[in-house]
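Protein sequences appear in the order of chains W and H.
Just so we're aligned, residue 815 is where the first sequence starts under the numbering used here, counting upward by one.
Just so we're aligned, residue 815 is where the second sequence starts under the numbering used here, counting upward by one.
Even for Gly, the Cβ is constructed at its ideal location relative to N, Cα and C.
Number of protein chains: 2
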Amino acid sequence: MLPRNFVAMSERTENGMKARVLLQQCLHARLQVKPPDAGSEAEWVEINRGMVIYICFFKGATEDIIPKMVNTLLNMKLCETESGKYTTVLQLPGSVLIVPQATLGGKPKGKGMQYHGNIGKDEGLKLYDSFVSHCQDELSACKNSDTVTEVKHGTYGNRQVLKLDTNGPYTHLMEF
Amino acid sequence: MLPRNFVAMSERTENGMKARVLLQQCLHARLQVKPPDAGSEAEWVEINRGMVIYICFFKGATEDIIPKMVNTLLNMKLCETESGKYTTVLQLPGSVLIVPQATLGGKPKGKGMQYHGNIGKDEGLKLYDSFVSHCQDELSACKNSDTVTEVKHGTYGNRQVLKLDTNGPYTHLMEF
């Protein structure tokens, strides 16, 4: 008989899901990237109008999925213009805040959550860095000199202390 | 041949998912429940420490799923105590902010999202009201006279203008 954890992992693999992403629209978002310590205050990054991307990778995710993921996410027409129509974050133009969020990979088990399907920390960090880098490249390529848009991101493995101000988050789930 | 929408709907039914819920932990959250108009300012509700529940119902969802959903959600150990352990929102004790979020039911189609699996507005409103009412009942039943905990909720069908302040949202997805 297979141990219970093995079954959970193999379900993930059969399921074939490599990453889960949550998208929220924001007017302003602020994320801690370094907690305070004895010698220094906390450090934060922030964006104004744009999109918050919460991301979690599953076991089996590999580098080759990143370019397509980023291209898909940045070209979804989920951002509201002044006139109430929807356009992409690139065309808005808006900024992007990327938040690593391993909890998104949880599966309920009793009164808690289990994370057996989540990718290991080292592999996850590599994919996360690549995801951030691809987002930066796509935003730079689309840059309009009249507007300031930026990609900001949280520190992988840290607590993601987040403050979010929205005009309606329009929360969307996407799985890859 | 079946029309395209019918196929999408029947996939949902086979899949059997009745509701999708997203949970985030908060220190403070503020939600608009009435937009401003010529005669009056916007109205807001707010909670302090507790849990934000974003909820979306799918076609086929019925009243009988609500008690189990609410019981499960309010008894998940996802809330961090002062000592860094995890407990339920009822035991924290914390407040609950319920945000109707139909966008959570979206399925990507090209560069946009389709919502063919979402429940109709009238049925959705009934389930939403029942969900809110069951949350209020569970929180009242657990009430500790030393603490002020509340259930607050958004207006179904409105734009959900939300401001969120977290010490780490610990975003979790749950499907019923």
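Do the segment 929-945 of chain H and the segment 937-951 of chain W touch if we need at least three Cβ pairs shorter than 8 angstroms? no
Is it right to say W:V835 is buried, meaning 16 or more other beta carbons lie within 10 angstroms of its own, or is it exposed? In the first sequence, counting from the first residue as 1, residue 835 of chain W sits at position 21. It counts as buried.
Going by DSSP, which residues form a beta bridge with W:H986? For this step, residue 986 of chain W is matched to residue 172 along the first sequence. Answer by DSSP bridge pairing, in chain order: W:L837.
Among all the DSSP beta bridges, which residues are the ones paired with H:C893? As a position in the second sequence, residue 893 of chain H is number 79, starting the count at 1. Looking at the DSSP assignment, H:C893 forms a beta bridge with H:T901.
If we require 3 or more residues per run, which beta strand (DSSP E) segments fall completely within the segment 922-984 of chain H? 926-928, 965-967 and 976-979
Contacts around W:P983, its chain only, beta-carbon distance under 7 angstroms, and the 5 residues preceding and following it disregarded: Here residue 983 of chain W refers to the residue found at position 169 when the first sequence is read from its first residue. Correct list, in chain order: Q838 and Q839.
Nearest to W:N885 by CA position, among H:K925, H:N829 and H:S944, is which residue? Here residue 885 of chain W corresponds to residue number 71 of the first sequence, with the count starting at 1. Nearest of H:K925, H:N829 and H:S944 to W:N885, Cα basis: H:K925.
Buried or exposed, going by whether 16 or more other CB atoms sit within 10 Å of the CB of H:K832? Locating residue 832 of chain H in the second sequence gives position 18, where the first residue counts as 1. Per the 10 Å Cβ criterion, buried.
Within chain H, partners of W:H948 - CB distance below 7 angstroms: In the first sequence, counting from the first residue as 1, residue 948 of chain W sits at position 134. Going along chain H, no residue has its Cβ under 7 angstroms from W:H948, so there is no contact; the nearest lies around 18 angstroms.
Mapping the DSSP letters down to three states, classify H:P914 as helix, strand or coil. Residue mapping note: residue 914 of chain H aligns to position 100 of the second sequence, counting from 1. Residue state, collapsed to three classes: strand.
Can you check whether the CB of W:G830 is closer than 7 angstroms to the CB of W:R863? Here the question's residue 863 of chain W lines up with position 49 in the first sequence. Here the question's residue 830 of chain W lines up with position 16 in the first sequence. Not closer than 7 angstroms, so no.
Please identify the residue among W:C893, W:F872 and W:T985 whose C-alpha is closest to the C-alpha of W:Y929. In the first sequence, residue 929 of chain W corresponds to position 115, counting from 1. With distances taken between Cα atoms, W:Y929 lies closest to W:F872.
Taking the alpha-carbon positions, what's the H:Q915 to W:G853 distance? Position 101 of the second sequence holds residue 915 of chain H. Position 39 of the first sequence holds residue 853 of chain W. Roughly 42 angstroms between the two C-alpha positions.
Closest to H:H842 by CA distance: which of H:K848, H:I861 and H:S947 is it? Within the second sequence, numbered from 1, the residue matching residue 842 of chain H stands at position 28. Per the Cα distances, H:I861.
DSSP three-state assignment for W:E857, whether helix, strand or coil: As a first step, residue 857 of chain W is located in the first sequence; it is residue number 43 there, counting from the start. W:E857: strand per DSSP, three-state reduction.
Just how far apart, CA to CA, sit W:L976 and H:G874? The residue given as residue 976 of chain W occupies position 162 in the first sequence. The residue given as residue 874 of chain H occupies position 60 in the second sequence. Approximately 35 angstroms between the Cα atoms of the pair.
Could one say the Cβ of W:G968 lies closer than 7 angstroms to chain H's Cβ atoms, at least one of them? The residue labelled residue 968 of chain W in the question sits at position 154 within the first sequence. Closer than 7 angstroms: no.
Determine the burial state of W:T985: buried for a count of at least 16 other Cβ atoms within 10 Å of its Cβ, exposed for fewer. The count along the first sequence starts at 1 and reaches residue 985 of chain W at position 171. It counts as buried.
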